[in-house]
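Taking it in order: structure first as structure tokens, then the write-up.
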Amino acid sequence: MQVSIGTSGAVVLPSNEPHVAEDMNLHTFCHCAPNLWYLMGVIISAGSALRWLRDTIAPEASYDSLTAEAEQVTPGSDGLLFLPYLSGERTPHNDSNARGVFAGLSLAHGRGHLTRAVVEGVCFAMRDSLELMRQQGVSPSEVRAIGGGARSRMWLQTLANVFGLPLATVQPAGGAALGAALLAAVGCGMFSSIQDAVQSCIKTGDVVEPEASLTAVYDELYDAYRQLYPALKSSFATLADINARQRQ
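Note that UniProt numbering gives residue 14 to position 14 of the sequence shown, counting from 1, and the numbers run on in steps of one.
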């Protein structure tokens, strides 16, 4: 499985057969390799959620300083949860009315709590895609991470703990651009196959192992996170309707 933590977030898993979800909460695409497909779940706001937080409350701060503050906060952000639906959401809800929410916010919470809650909320949203794939009967044993978030040890450790799976970085960190270049190289005959190109050019970097005690904590928090959207869905629709009428 591959996860991409960029402006948006994607969870991608190759499959030997197509899987079609009736409610279209997972996408199935033809793989570039012959006789393969891949499942993909997408969250609209991943790294952009953290950028929004920084730009809003700490425009002078670097991402490194924000995540350093967040690392001093107890996992679970002392009872603070975040829905990262700042631009609506695709997987698993397909709801353009959904919006971001901090749940459990109190006077005891500070900037580090908000930052940690945003990172954890994005990881919970990505786990939604993982759980949908498991329901389709496919499940990974390891995750490879790309994107800007993969450069942050905190993002990687949090995602490993939320998924309960080891997370490996990929070298070189070229993402989609590197993949496109390798496909072009295969087409030009520089490599005999896609597999040959990948084995020649792509290496696994550091592996981040999940921490069993924190995985158990995050399992409980994920269950609480999953309760938020159903409880707020009708409110999201009401607010969207009011906002639309005010703009007329």
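From the three backbone atoms N, C-alpha and C, an ideal C-beta is built for every residue, glycine too. Just so it is clear, the structure is predicted and the values come from calculations on it, not from any experiment.
Per-residue DSSP class, three states only, for residue i
i     : result
HIS19 : coil
HIS27 : strand
GLY41 : strand
Residues that DSSP places opposite residue i in a beta bridge
i    : result
SER4 : ALA10 and ILE146
Residue i: first and last residue of the uninterrupted alpha helix (DSSP H) it sits in
i      : result
ALA224 : 212 to 247
HIS113 : 111 to 135
* To do: Would you be able to state if there are at least three C-beta pairs under 8 Å between the segment 73 to 89 and the segment 99 to 107?
  => yes
* **Contact between the segment 7 to 24 and the segment 34 to 48 (3+ Cβ pairs under 8 Å)** => yes
* Report the residue ranges of all alpha helix (DSSP H) runs contained in full by the segment 48 to 107; include only those spanning at least 4 residues, in chain order. => Entirely contained in the segment 48 to 107, the alpha helix (DSSP H) runs reaching 4 residues are, in chain order, 63 to 71.
* **Completely contained beta strand (DSSP E) runs for the segment 146 to 209, where each covers 3 or more residues** => Residue ranges of uninterrupted beta strand (DSSP E) with 3 or more members, entirely inside the segment 146 to 209 and ordered along the chain, are 167 to 171 and 203 to 208.
* Asked: Counting Cβ pairs, one atom from each stretch, are 3 or more of them under 8 Å apart for the segment 24 to 37 and the segment 151 to 171?
  -> Remark: fewer than three beta-carbon pairs, one from each stretch, lie closer than 8 Å, so the segment 24 to 37 and the segment 151 to 171 are not flagged as touching.
* **Touch test, the segment 110 to 124 against the segment 191 to 202, Cβ-Cβ under 8 Å, three pairs minimum** => Because the criterion of three Cβ pairs below 8 Å is not met, the segment 110 to 124 and the segment 191 to 202 do not touch.
* When the Cβ atoms of the segment 201 to 208 are set against those of the segment 226 to 242, are three or more pairs found closer than 8 Å? -> Not touching, per the Cβ criterion.
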